[in-house]
Each structure stands twice: as structure tokens, then as C-alpha cells.
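One structure below.
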Amino acid sequence: MRIVEEKFFIREGTFSKSATFEDVLQDIRDGISSITYPAGSQGFSVNPVKNGNGVKPIKENLIAHLRQRGWRHESRFKIIDGINAGPIDSVISTEHGEFAIEWETGNISSSHRALNKIAVGIIQKHIIGGILIVPERDFAQYLTDRIGNYREIKPYFVMYDSLQITEGIMGVISVTYDKLDPTVPLIPKGNDGNSKKRTPTKK
């Protein structure tokens, strides 16, 4: 799998200039590039069936890589005062604070919740930063119906760009496949997004 774009709304303060953050970012980049499909192949291939492929197995490949690097999976801790914001997909502890990753498996509302959770967590100093990983639009059409994607949330970036934060990291990374291959199996679906609501069709 490959990265298409890295967009940072906030990249301020001591942590953003530290070797620790560079290590964290490299963990994420390496984790994304390590995602292959089918298993054991040299890259990430997707069968181009509209809404035909699941999302969670892709995320689980990244989580497995990060776990080997010391990240914690499905970590629960207070990220927003006053509510239970649910578990974080993956978290690593640094000398500057906790850094979180969310991998989008739901619709655009889920994407907004993830970004808001990261932003408020930074403002309230429960985390030092966080990144949301989403598919590119071209990739998203072959995944679970209505999966949140980069193009869909991009018009809202102006709001996150306007945040006045002096210490923290907040961003979005968009990802896509290495190649299309109609001969590979469809990626299995779970309960992600609207995966049970529509039968996939050939584009």
C-alpha cells in the first residue's frame, strides 16, 4: 500500500521538531507500506468491484506492524473530558505524551468524530497528537459502501487548519492501492461501515 498525501493541520511545538516524532511518523509510514494483499505478495492489490472489499482486515495489518514497534492496540484512556470517546485504534507513549492513530472503517461522520476526538484530546492535553488514515476516493469506491475518504472530508480541512494550538500534531494521511487486479480475492468484510447494506457490483 502507498501513501498519497500527508496533510498536517497542526505541527507545532517541541514534539513536532523532535527525533521522537520522526520515529513515530516513520513507524506509521513503514506500517502503511508493509500492508500487502493478498498475503505474501509484493504489494497491495485490490479487486476493482464497487463496494466489494472490506476495510478492517487492512487496518489489522497496520496494527500488527505497529504492535511490533511498541504501539498499543484498542487502547482505552481519557481523551475527552466528560465522555467515553471509545478505544483508540493504536497508541504509543512518548516522553511528550500519548500519540494516537485512527484508521477509518466507517462513513464520513466517523471521520469527523475521529478528527474531533484528536483535536479535543490535544486541546485538553490528554494526547500530544494524532493522525487519521483514510482511503483516497479512487480506492474508496472499491471498499465498503460509504466509507469515509480523503476527498469527502477535504472541504472541512479549513476548520482544522484554523485551530490555534502551540504544542501538538494533528493530521490526515490518505492511502491507496498499488494496483488493480480482478483476479485477487475480495477482501473479507466484517461489520465496518455499511458493509452489510449493499451487494457489491462490478464497476
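With the first letter of the sequence shown counted as 1, position 66 gets the number 67 in the working numbering; the numbers rise by one all the way through. Idealized CB from N, CA, C, for every residue including glycine. The structure presented is a predicted model; accordingly, all values stated were derived computationally and were not measured.
In chain order, what residues of the same chain have a beta carbon less than 7 Å from the beta carbon of residue i, not counting five sequence neighbours either side?
i    : result
P58  : I188, P189
K79  : H127
G191 : G55, K57
S76  : P88, I89, V92
G44  : T37, D179, K180
I166 : I11, E13, I123, I124
A141 : I148, N150
Reducing DSSP to helix, strand and coil, say where residue i ends up.
i    : result
E61  : helix
N117 : helix
V25  : helix
V135 : strand
R30  : helix
F45  : strand
S17  : helix
R73  : strand
G122 : helix
F170 : Before going further, note that residue 170 is Ile rather than Phe in the sequence given. Looking at I170 - three-state DSSP - the assignment turns out to be strand.
Y178 : coil
Excluding sequence positions up to five away, which residues of its chain have a Cβ less than 6 Å from the Cβ of residue i?
i   : result
S35 : H66
G87 : none
E1  : Residue 1 lies beyond the residue range present for the chain, which begins at 2 and ends at 204; the question has no answer from this structure.
N62 : I36
M2  : I33, I36, F45, V176
V1  : The question about residue 1 has no answer here: the residues shown for the chain are numbered 2 through 204.
Would residue i and residue j be called neighbours here (beta carbons separated by less than 8 Å)?
i    : j    : result
S91  : H74  : yes
Y161 : L116 : yes
I64  : I33  : no
E168 : F16  : yes
A101 : I84  : no
I170 : F22  : yes
G130 : I124 : no
I132 : V173 : yes
S19  : H97  : yes
T95  : V25  : yes
K60  : W104 : yes
For the beta strand (DSSP E) that contains residue i, what are its first and last residues?
i   : result
F10 : 3-13
I93 : 89-95
Which residue comes first and which comes last in the alpha helix (DSSP H) that contains residue i?
i    : result
F100 : From DSSP, F100 is part of no alpha helix (DSSP H) but of the beta strand (DSSP E) over 98-104.
D162 : 158-162
Y143 : Element bounds for Y143: n/a, residue is neither H nor E.
I154 : 151-154
When you compare each of the options to residue i by their alpha carbons, which one comes out closest?
i    : options              : result
S110 : N150, A120, A141     : N150
P136 : P186, I148, F45      : I148
Y143 : P156, K180, S17, K51 : K51
L181 : T21, P49, E23, D24   : P49
F9   : T37, D139, I119, P39 : I119
P183 : D82, D28, P39, D24   : P39
T145 : G53, I29, D28, K155  : G53
Identify, in the order they occur along the chain, each residue of the same chain with its Cβ nearer than 8 Å to the Cβ of residue i, setting aside the five sequence neighbours on each side.
i    : result
R138 : N150, Y151, R152, E153
I81  : K118, V121, G122, Q125, H127
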